[in-house]
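Undergrad: Okay, so the sequence shown: first residue is 9 according to my numbering, each after it adds one.
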Amino acid sequence: MPPHPPGQPQGMTAQELASWIALHAVAGVGAASLARLLARFGTPGAVLAAPPKELLSVPRVPALVLRGVLEQAAQRAHHEATAHRLLAEGVRAVRRDEAGYPQRLHNLPSPPPLLYVRGRLPRDSVRTFGIVGTTEPSEHGAQIARDIAAHLAARGWAIVSGNARGIDAAAHCAALAVRRPTLLVLPTGVLQFHRHAGYPAAGLLWSRAAAVSECHPEAAWSTAAALARNRLIAALSDAVLVVEARERGGSIGTLRHALALGRRGFVVRFRAPALSAAANAAAEAMGATPVRSIRELDEALAQAPRIGAQSTLAW
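Listed below in structure tokens is the structure:
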């Protein structure tokens, strides 16, 4: 493999990428375990090359993870093949200590040590707005998500969401429709990315959007990954709006993360809430500011409201 294939950020070799992929393939590994391993050995390659006795003596890393490192070190050829596929599909890996790493993620207690990125990340200076909600919204709720995303995107905000069906996809589609940036935070590996109906073809999609993931590139969806992803949505957003939240959905968790990070939290207050908005009242109780129209949201964001029926009509 060449030392710096096209598409890789300067400073990371293809061999390093394969080493990161190997560590992300370890069952049970998380940001904390990765950080401890890297603190002990310095680089992913050094972790994988460590003598078994020395590796198994690392404190505060589960034995299952340490044994998994030894197993993945023996599968180098597979991880190099995955690295080739990432490069062929335009995916790059960005380390936490690189300039291209989203600065907002440094507000997290344990920022991901590495992100896999496809597409164009918005600049750190661009305002970001998270829109979250149920995967089974009412049509009214989905339309609100589309209206808000299009409205804010047209005013220069980058829309952040989780690429799930329902509210997430509605928000992403609306931002893409007005040719503005949107950030898709995945609960899967980047090679498992799902393009929803309404998204443009890949060439156009990746010129306007970016998909990011902290997961192994081939990882399938899991509950644990989806819950972990929610903290990234919160951290990447300057403000988060809950459109419709079910009582057991992840939207309330995303809001909780956002408020803990000092982000602004909003929630739609419906005149006649659907069952799919059963937890919206809980969002208000947590401290989210209720909004009943785009005009109210504009005012809360200290923006000059756009005059028109859509801006003033209560939801």
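Even glycine gets a Cβ: it sits at the ideal position worked out from N, Cα and C. These figures come from a predicted structure and were not determined experimentally.
#1: I need the straight-line Cα distance from aspartate 246 to glycine 50, nearest angstrom please.
#2: Using the rule of at least 16 other Cβ atoms within 10 Å of the residue's Cβ for burial, across every protein chain shown, is threonine 231 buried or exposed?
#3: Can you name the residues that DSSP bridges to alanine 124?
#4: Proline 335 to serine 118, Cα distance in whole Å?
#5: In the DSSP assignment, find the unbroken beta strand (DSSP E) run with alanine 66 in it and report its ends.
#6: Using the three-state DSSP reduction, which class does serine 245 fall into: helix, strand or coil?
#7: For my contact list, arginine 254 and alanine 287 are in at a C-beta cut-off of 8 Å; report their separation, rounded to the angstrom.
#8: Taking 8 Å as the limit between beta carbons, can you name the residues of its chain near valine 299, skipping five residues before and five after?
#9: Out of Leu94, Ala150, Asp105, Val34, which one is the CA nearest neighbour of leucine 78?
#10: Cutting at 8 Å between CB atoms, please list the residues of its own chain near glycine 36, excluding the five before and the five after it.
#11: Any idea if aspartate 176 is buried or exposed, counting beta-carbon neighbours within 10 angstroms, 16 or more meaning buried?
#12: Under DSSP, the alpha helix (DSSP H) around valine 55 begins and ends at which residues?
#13: Using the rule of at least 16 other Cβ atoms within 10 Å of the residue's Cβ for burial, across every protein chain shown, is alanine 317 buried or exposed?
#14: Would valine 198 and valine 134 be called neighbours here (beta carbons separated by less than 9 Å)?
#15: DSSP puts proline 298 in a beta bridge; with which residues?
#16: Under a three-way DSSP split, which group does threonine 90 fall into?
#17: Among residues of its own chain, excluding the 5 on either side of glutamate 252, which ones have a beta-carbon nearer than 6 Å to its beta-carbon?
#18: Look at the alpha carbon of valine 102 and the alpha carbon of arginine 279, and state the distance between them as a whole number of angstroms.
#19: When you compare each of Ala178, Ala26, Ile152, Gly295 to glutamine 83 by their alpha carbons, which one comes out closest?
#20: Can you tell me whether DSSP reads tryptophan 28 as helix, strand or coil?
#21: Of the residues Gly164, Arg128, Ala209, Asp105, which one's Cα is nearest the Cα of valine 99?
#22: Between which two residues does the beta strand (DSSP E) harbouring threonine 136 extend?
#23: Between valine 186 and alanine 158, how many whole angstroms is the CB-CB distance? I'm expecting something under 8 Å.
#24: Under 6 Å Cβ to Cβ from histidine 32, same chain only, skipping five residues before and after it: list those, please.
#25: May I ask which residues mark the beginning and end of the beta strand (DSSP E) holding leucine 191?
#26: Taking only heavy atoms of the ligand PLP into account, decide whether any of them is closer than 8 Å to the Cβ of proline 195.
#27: Based on DSSP bridge pairs, tell me the residues matched to serine 169.
TA: Taking the definition as stated:
#1: Here the question's residue 246 lines up with position 238 in the sequence shown. Here the question's residue 50 lines up with position 42 in the sequence shown. Going from the Cα of aspartate 246 to the Cα of glycine 50 covers about 33 Å.
#2: Numbered from 1 along the sequence shown, position 223 holds the residue referred to as residue 231. In summary, threonine 231 is exposed, with fewer than 16 beta-carbon neighbours lying within 10 Å of its beta-carbon over all protein chains present.
#3: Position 116 of the sequence shown, counting from 1, holds the residue named residue 124. Looking at the sequence provided, one finds tyrosine at residue 124 rather than alanine. Looking at the DSSP output, tyrosine 124 shares a beta bridge with Ala101, Ser221.
#4: The shown model of the chain, from 9 to 323, leaves out residue 335, and the question about it has no answer.
#5: Within the sequence shown, the letter at position 58 stands for residue 66. The sequence given here places valine at residue 66; alanine does not occur at that position. Boundaries for valine 66: no beta strand (DSSP E) harbours it, and the DSSP string shows neither H nor E there.
#6: Translated into the one-based positions of the sequence shown, residue 245 becomes position 237. In this structure, serine 245 counts as coil in the three-state DSSP scheme.
#7: Indexing the sequence shown from 1 puts residue 254 at position 246. Indexing the sequence shown from 1 puts residue 287 at position 279. Confirmed, Cβ separation roughly 6 Å.
#8: Start at 1 with the first residue of the sequence shown, and residue 299 comes out as number 291. Within the same chain, valine 299 has close Cβ partners Leu249, Phe274, Val275, Val276, Arg277, Leu305, Ala308.
#9: Residue 78 sits at position 70 when you count from the first residue of the sequence shown. Ranking the options by Cα distance to leucine 78, first place goes to Val34.
#10: Locating residue 36 in the sequence shown gives position 28, counting from the first residue. Answer for glycine 36: Pro70, Leu72, Val73, Gly76, listed in chain order.
#11: For the purposes of this step, residue 176 is taken as residue 168 along the sequence shown, with counting starting at 1. Here aspartate 176 is buried, its C-beta having at least 16 other C-beta atoms within 10 Å.
#12: As a first step, residue 55 is located in the sequence shown; it is residue number 47 there, counting from the start. Where valine 55 is concerned, the enclosing alpha helix (DSSP H) stretches over 52-57.
#13: Taking the sequence shown and counting its residues from 1, the one referred to as residue 317 is at position 309. In this prediction, alanine 317 has a pLDDT of 36, which is less than 50 and means its spatial position is unreliable; nothing more can be read from the coordinates.
#14: Sequence index remark: in the sequence shown, residue 198 carries index 190 (1-based). Sequence index remark: in the sequence shown, residue 134 carries index 126 (1-based). Against a cut-off of 9 Å, the Cβ pair of valine 134 and valine 198 comes out as no contact.
#15: Counted from its first residue, the sequence shown places residue 298 at position 290. Note: proline 298 sits in a beta bridge opposite Val275.
#16: On the sequence shown, position 82 is the one that residue 90 refers to. Correct three-state label for threonine 90: helix.
#17: To locate residue 252, count along the sequence shown from 1; it is residue 244. Within its own chain, the residues whose Cβ lies closer than 6 Å to the Cβ of glutamate 252, once the five positions on either side in sequence are excluded, are Gly141, Thr142, Pro145, Gly149, Ser284, Ala285, listed in chain order.
#18: Taking the first residue of the sequence shown as 1, we reach residue 102 at position 94. Taking the first residue of the sequence shown as 1, we reach residue 279 at position 271. Going from the Cα of valine 102 to the Cα of arginine 279 covers about 44 Å.
#19: Reading the sequence shown from its first residue, position 75 is the one you call residue 83. Measuring from the Cα of glutamine 83, the nearest candidate turns out to be Ala26.
#20: Taking the sequence shown and counting its residues from 1, the one referred to as residue 28 is at position 20. In the structure shown, tryptophan 28 sits in a helix (DSSP, three-state: H, G or I).
#21: In the sequence shown, residue 99 corresponds to position 91, counting from 1. Among Gly164, Arg128, Ala209, Asp105, the Cα nearest to that of valine 99 is on Arg128.
#22: Translated into positions along the sequence shown, residue 136 becomes position 128. For threonine 136, the enclosing beta strand (DSSP E) covers residues 136-140.
#23: To locate residue 186, count along the sequence shown from 1; it is residue 178. To locate residue 158, count along the sequence shown from 1; it is residue 150. Confirmed, Cβ separation roughly 5 Å.
#24: Numbered from 1 along the sequence shown, position 24 holds the residue referred to as residue 32. Closer than 6 Å at Cβ, skipping near neighbours: His224.
#25: The residue given as residue 191 occupies position 183 in the sequence shown. First-last of the beta strand (DSSP E) with leucine 191: 190-193.
#26: By its list of ligands, the structure shown contains no ligand whatsoever, and the ligand PLP lies outside what it can speak to.
#27: Walking along the sequence shown from the start, residue 169 turns up at place 161. Its beta-bridge partners are Leu192.
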